[in-house]
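Data block below; observations after.
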Amino acid sequence: MATLNLNHIPDDMMSQIQQLAQQNNQSVDAQAVFLLKQALQAQNIILNSQKENEKNIDPENDPIWDLGKHPVEDTITDASVNLDDYLYHSL
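Under UniProt numbering, the sequence shown has 64 at position 64, and the numbering climbs by one with no breaks.
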């Protein structure tokens, strides 16, 4: 098994690791290894979900991918304009 020596660990972090080790009846080294494993697993979950999201992006079949690149057609008008035309110009 490999050895990892850490220097310059903040006092508050070391205190928390010591407290967790005591609560879990583990050595400080075992608790630190456990915490590193948890952090790596969480990071792997994030990376895997990001990769999965990248697979799901399909610009060719996404109806809103290019939304905003092309202006709205001229045939669509404001309803209030049509109502004004109907009320005031149909007489």
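A virtual CB, placed ideally from N, CA and C, is assigned to each residue, including glycine.
Three-state secondary structure assigned by DSSP to residue i
i   : result
E60 : coil
L67 : coil
A2  : coil
N25 : coil
N82 : helix
N48 : helix
Inter-residue spacing [alpha-carbon to alpha-carbon] between residue i and residue j
i   : j   : result
I32 : D62 : The sequence given here places Ala at residue 32; Ile does not occur at that position. A32 and D62: Cα-Cα distance of roughly 45 Å.
D29 : L47 : 27 Å
L20 : Q38 : 14 Å
S49 : I17 : 29 Å
L6  : M13 : 12 Å
E60 : Q43 : 31 Å
Check: residue i C-beta below 7 Å from any heavy atom of the ligand SAH
i   : result
P10 : Ligands displayed in this structure: none; no statement on the ligand SAH is therefore possible.
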